[in-house]
Structure formats: C-alpha cells, structure tokens
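Engineer: Provided herewith is a single structure, encoded as structure tokens, for subsequent inquiry.
Numbering (my numbering), first residue to last: 46 to 178.
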C-alpha cells in the first residue's frame, strides 16, 4: 500500500491528468482560399469574409443562418457553422487565439488559416477546472 506522501507525489506529478482544460464552443463561417489562389482571388475571399463579418456582428442571433447561406465548410454549414468544443492546444493557432479572446455571443474575424478566412462566434464557454477546484 502506497504511503500518503507517495500518493500525493504521484498526484502532483500527474496533475494534468486530473484536470479539465478550458473549453469553448465555437461556430464559424469559412470562406475558402484555394492553396493555388493568386493575390486577387485571396483578396476577394477576404473582402467577402469582411462583408459577412459585418452582417454577423450586426445580428449575432442570425449567425447560424449566415453560416448555412455563406459558409464553404460542407461539414459544418448545414449545422449553422457549429464546430463543437475546442480546447487550447488542439485547435489551429489563429482560431484558438480568436476563440479564447471572445466573450460568449461575440463574433470576430476574419481569421486567416490554411483553409481560408473564418468568421467565428463563441457560443459558450466552460472554464478549466484543476483538481483542487
């Protein structure tokens, strides 16, 4: 049987296994920029993303409808752009940065990624919990 000290030492050295990271539920609208796009095509995609961002900021409650109408992400568009839960370190850096700077219900963008430009909305958040929380 391990001693209390041994249990405490093990626990402290494996603390990350006993805690949950901060979670964010995101939705997005993706305007794709093909890998072989020229500067004019990339600029046009960015302008389209800026236009959609203005609409989303003017009416955040209509974000899901905008995603259905404009998003070029076939996997999420029909679900109102819902990306589900994201956690730090498991999301592309630019999206992660935007996601963890937003407050619930806020919209930001355009966020550039290797796929194109994203307009993101933070749907909900759950703070991380350490083992001692």
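Every residue, glycine too, gets a C-beta built ideally from N, C-alpha and C.
(1) Got a sec? Which residues, its chain only, sit under 7 Å from residue 100 by beta carbon, not counting five neighbours each side?
(2) What would DSSP say about residue 169, mapped onto helix, strand or coil?
(3) Can you tell me the Cα-Cα spacing of residue 121 and residue 161, whole angstroms?
(4) Given a threshold of 16 other Cβ atoms within 10 Å of its Cβ, counted over all protein chains shown, does residue 107 qualify as buried or as exposed?
(5) Decide if residue 168 is buried, meaning its Cβ has at least 16 other Cβ atoms within 10 Å, or exposed.
(6) For residue 120, name the three-state secondary structure that DSSP assigns.
(7) For residue 46 and residue 53, I'd like the C-alpha separation in whole angstroms.
(8) For the alpha helix (DSSP H) containing residue 86, list its first residue and its last residue.
Structural biologist: If we stick to the structure as given:
(1) 111
(2) strand
(3) 15 Å
(4) exposed
(5) buried
(6) coil
(7) 13 Å
(8) 84-103
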